[in-house]
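Residues 2 to 325 in our numbering are what the sequence shown spells out, letter by letter.
Each residue gets a CB set at the ideal place from its N, CA and C atoms; glycine is no exception.
Every value quoted in this text rests on a predicted model; they were computed, and no experiment measured them.
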Amino acid sequence: MMTREELLHHYETMVKIRKFDLEAKRGREAGEFLGNVHIYVGEEAIATGVCACLDKKDYIASTHRGHGHTIAKGADLKPMMAELYGKATGYCRGKGGSQHIADFSVGMLGANGMVGGGYGLAVGAALAARYQKTGAIAVVFFGDGAANRGTFHESANMAAAWKLPVIFVCENNGIACSVDHAAGGQQAVGDIAKRAVGYDMESYVVNGNDFFAVHDAMEKLVARARNGVGNCCGLLECKTYRPGPHMLVGDTQPYRDPALAWNRLSADDCIENFKRRCIAEGWLSAEDFPPIDEKVDAMVEEAKQFAIESPYPEESALFEDLYD
Ligand SMILES: Cc1ncc(C[n+]2csc(CCOP(=O)(O)OP(=O)(O)O)c2C)c(N)n1
Ligand SMILES: [Mg+2]
Numbered sequence: 002m003m004t005r006e007e008l009l010h011h012y013e014t015m016v017k018i019r020k021f022d023l024e025a026k027r028g029r030e031a032g033e034f035l036g037n038v039h040i041y042v043g044e045e046a047i048a049t050g051v052c053a054c055l056d057k058k059d060y061i062a063s064t065h066r067g068h069g070h071t072i073a074k075g076a077d078l079k080p081m082m083a084e085l086y087g088k089a090t091g092y093c094r095g096k097g098g099s100q101h102i103a104d105f106s107v108g109m110l111g112a113n114g115m116v117g118g119g120y121g122l123a124v125g126a127a128l129a130a131r132y133q134k135t136g137a138i139a140v141v142f143f144g145d146g147a148a149n150r151g152t153f154h155e156s157a158n159m160a161a162a163w164k165l166p167v168i169f170v171c172e173n174n175g176i177a178c179s180v181d182h183a184a185g186g187q188q189a190v191g192d193i194a195k196r197a198v199g200y201d202m203e204s205y206v207v208n209g210n211d212f213f214a215v216h217d218a219m220e221k222l223v224a225r226a227r228n229g230v231g232n233c234c235g236l237l238e239c240k241t242y243r244p245g246p247h248m249l250v251g252d253t254q255p256y257r258d259p260a261l262a263w264n265r266l267s268a269d270d271c272i273e274n275f276k277r278r279c280i281a282e283g284w285l286s287a288e289d290f291p292p293i294d295e296k297v298d299a300m301v302e303e304a305k306q307f308a309i310e311s312p313y314p315e316e317s318a319l320f321e322d323l324y325d
């Protein structure tokens with residue numbers, strides 16, 4: 002059972018992710034910064050439930066839709082927002098943008114513009130942790146579309162064959178850009194988790210809009226991975242949906258009705274689901290939430306101001322931070 006403080010912390014994390022991304026949407030649509038952004042609105046319970054089971058020393062590898070993972074692992078909103086605005090105070094000194102935010106100090110190995118680019122990072126981090134005997138485990142988030150890349154199979158095979166502490170977390174939002182998962186044609190299986198059998202991994206399929214379902218299944222996989230006995234890697238598939246467009250720029254959603262898709266958020270919102278459960282169980286009361294909402298509003302506003310007031314990188318910094 003979680004303590005009151007833990008519940009409030011997890012609620013705050015979900016609201017932070019939601020409000021950060023809604024502010025990013027506002028800023029991008031207002032033309033305050035350039036570059037594309039894939040918002041994580043509606044999927045907050047997954048990053049929060051998964052990262053709630055991790056320690057700071059553990060690693061995560063993220064996706065193109067990475068803000069939620071980054072916030073849940075403990076990154077700072079100010080350099081995140083500054084990075085979106087292309088400012089020198091951003092995580093990548095303003096030269097990476099949304100899809101390249103990383104914070105090694107909290108074990109966040111990076112968002113990834115390449116779909117399916119995170120698997121190898123997580124397997125490598127888990128292998129390094131084993132050599133270094135740090136006891137750390139590694140998690141890779143990936144989408145239903147990314148599950149069809151060859152890198153998934155190569156990495157899952159290596160993690161399983163070498164018995165590495167890696168947990169594969171599939172965020173199955175039912176869609177990859179415009180390709181509807183349910184329509185078939187993209188993959189033969191409905192549940193990506195079925196593929197875990199091929200790699201002798203333990204797996205769970207959960208409702209990704211239910212923080213507690215995500216958390217409880219993840220806790221079991223983390224216990225196995227931490228223990229390090231036998232094949233300790235695992236796969237968690239979280240069923241969710243994407244209420245918004247694939248990305249903020251360039252997707253007018255001709256393949257579906259955008260209003261209907263967005264309405265699904267009010268019908269099955271992971272943040273509302275969390276509140277309802279906490280109140281029904283008597284763990285928290287309705288009065289506990291508004292102060293957190295206000296606190297997060299102030300944090301996001303502060304991050305935005307920080308981003309707006311920060312300088313752009315100097316021209317002389319153009320060729321810094323490159324591998325040669
Ligand atoms: C290797 C590669 N192929 C294609 C793309 C273009 N692309 C960006 S996101 C995306 C779909 C990803 O779908 P999914 O993995 O389900 O993640 P979601 O966007 O639903 O979170 C594609 C095809 C890319 N960025 N990288
Ligand atoms: Mg998807």
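Best match in the options for proximity to residue i [C-alpha to C-alpha]
i    : options                : result
H247 : C234, N208, I176, A197 : I176
E33  : R278, R257, A83        : A83
D145 : E316, G191, G235       : G191
D56  : M202, G75, F21         : G75
D104 : K79, S317, G125, N173  : K79
L128 : F142, M109, G36, L165  : L165
A25  : Q306, L285, M115       : Q306
A160 : D211, A226, G136, E310 : A226
D59  : Y41, I102, S99, L110   : L110
A184 : A112, R131, H65, R257  : R257
Y41  : L285, D270, F290       : D270
R243 : D201, A194, S179       : S179
D22  : R66, Q188, R265        : R66
E316 : R19, T4, N37, G87      : G87
G245 : C233, P259, C239       : P259
D252 : N37, I18, G91          : N37
E310 : I18, H39, G91          : G91
M300 : M202, M115, R19, S99   : R19
S156 : A137, F212, I293, M202 : M202
A304 : M2, G28, G151, H11     : G28
A48  : A126, D77, H216        : H216
V107 : A73, G50, R196, H39    : A73
C239 : T4, G50, H39           : G50
Q254 : L285, D181, A130       : D181
G151 : M115, M2, M3           : M115
T4   : E295, L285, E302       : L285
G121 : N158, V206, A189       : N158
For residue i: DSSP bridge partner residues
i    : result
Y60  : A139
C52  : According to DSSP, C52 bridges with nothing at all.
K74  : Beta-bridge pairing links K74 to no other residue.
D104 : M109
C17  : The displayed chain sequence assigns Lys, not Cys, to residue 17. Paired residues: none, contrary to the question.
S179 : For S179, which the question treats as bridged, DSSP gives no partner whatsoever.
I293 : Its beta-bridge partners do not exist; DSSP assigns none.
Y205 : L237
I168 : V140, G235
N173 : K240
Beta-carbon gap between residue i and residue j smaller than 8 Å
i    : j    : result
A139 : G117 : no
G209 : A46  : yes
V297 : E6   : no
A89  : G97  : no
L237 : A218 : yes
E273 : E172 : no
F336 : F153 : The question about residue 336 has no answer, for the chain in this structure spans 2 to 325.
T241 : N174 : yes
C52  : E220 : no
V167 : V124 : yes
H68  : I61  : no
S204 : A194 : yes
I293 : L9   : yes
G119 : T64  : yes
A318 : L85  : no
F275 : F212 : yes
With 16 other Cβ atoms within 10 Å as the buried cut-off, status of residue i
i    : result
M15  : buried
V198 : exposed
R277 : exposed
G320 : Checking the sequence, you will find Phe at residue 320 rather than Gly. Classification for F320: exposed.
G229 : exposed
A330 : Residue 330 lies beyond the residue range present for the chain, which begins at 2 and ends at 325; the question has no answer from this structure.
L261 : exposed
V250 : exposed
N113 : buried
P312 : exposed
L323 : exposed
E282 : exposed
M81  : buried
L35  : exposed
G231 : exposed
K17  : buried
Point to revise | Heavy atoms of ligand 2 versus C-beta positions, residues under 6 Å | key: G144, D145, G146, N174, I176, A177
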